[in-house]
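> Below you'll find the structure I mean.
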Amino acid sequence: MTVELNHTIVPSHDKHASAQFLAEMLGLSVGAEAGPFVPVELGNGVTLDYANREGFGEEHYAFLVDDATFDAAYQKMVDRGLEHWADPGHTQPGEINTRWNGRGVYFPDPSGHNMEILTSTPADAS
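The sequence shown begins at 4 in my numbering and counts up one residue at a time.
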């Protein structure tokens with residue numbers, strides 16, 4: 004058996020709001036609450052299990068998406084007036100990047116995590 008990431012727990016101030024936010028941005032569904040978790044399943048079977056927590060730091064979550072998903076998510080950011088940046092340090096506000104022959108953008112989720120969507124990875128640039 005190969006090693007695969009199955010799930011990760013995402014700390015949040017409001018697990019329902021954070022899960023719904025990500026699902027709406029990326030065109031995904033929120034799964035049924037399971038114990039203390041609200042899951043959002045990604046296309047490769049990995050789930051982000053949102054859980055209410057206090058006193059957590061900002062984390063970074065990056066999602067490889069196709070062009071249509073990027074366009075739809077970016078339009079939602081613009082329509083909602085959601086802050087977004089071309090870089091992880093948030094020094095290029097209101098922009099997207101074109102790294103690795105694709106596009107990428109960073110945006111905050113309701114709990115302050117630094118979310119990223121990108122259409123290419125460094126492997127695609129070679």
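Each residue gets a CB set at the ideal place from its N, CA and C atoms; glycine is no exception.
How big is the Cα-Cα spacing for Lys79 and Ala128?
Near 27 Å, if we compare the C-alpha coordinates of Ala128 and Lys79.
> Assuming Met118 and Tyr77 are in contact, meaning their beta carbons sit under 8 Å apart, how far apart are those beta carbons, in whole angstroms?
12 Å between Cβ atoms; not a contact.
> Please confirm whether Asp70 and Thr124 have their CB atoms less than 8 Å apart.
The answer is no: Cβ separation not under 8 Å.
> Please confirm whether Phe66 and Leu8 have their CB atoms less than 8 Å apart.
Contact flag unset, no.
> Which word fits Gly84, buried or exposed, when buried means at least 16 other C-beta atoms lie within 10 angstroms of its C-beta?
Gly84 comes out exposed.
> Quick one: residues in its chain with C-beta nearer than 8 Å to the C-beta of Glu61, no 5 flanking neighbours on either side, listed in chain order?
Counting only Cβ-Cβ distances below 8 Å, and skipping sequence neighbours, we find Gly115, His116, Asn117.
> What does the alpha-carbon distance come out to for the pair Asp17 and Val108?
Approximately 24 Å between the Cα atoms of the pair.
> Which class does Leu67 belong to by DSSP, given the choice of helix, strand or coil?
Strand at Leu67.
> Specify, as a first and last residue, the run of the beta strand (DSSP E) that Phe110 falls within.
107 to 111 is the extent of the beta strand (DSSP E) around Phe110.
> With Asp127 as the anchor, note down where its alpha helix (DSSP H) starts and where it stops.
Asp127 -> alpha helix (DSSP H) spans 125 to 128.
> Does DSSP put Leu51 in a helix, in a strand, or in coil?
If DSSP states are grouped into helix, strand and coil, Leu51 belongs with the strands.
> Do Val41 and His19 have their beta-carbon atoms positioned less than 8 Å apart in this structure?
Yes, these two residues count as a Cβ contact at 8 Å.
> Sort Phe110, Glu36, Val33 by Cα distance to Ala89 and report the nearest one.
Ranking the options by Cα distance to Ala89, first place goes to Phe110.
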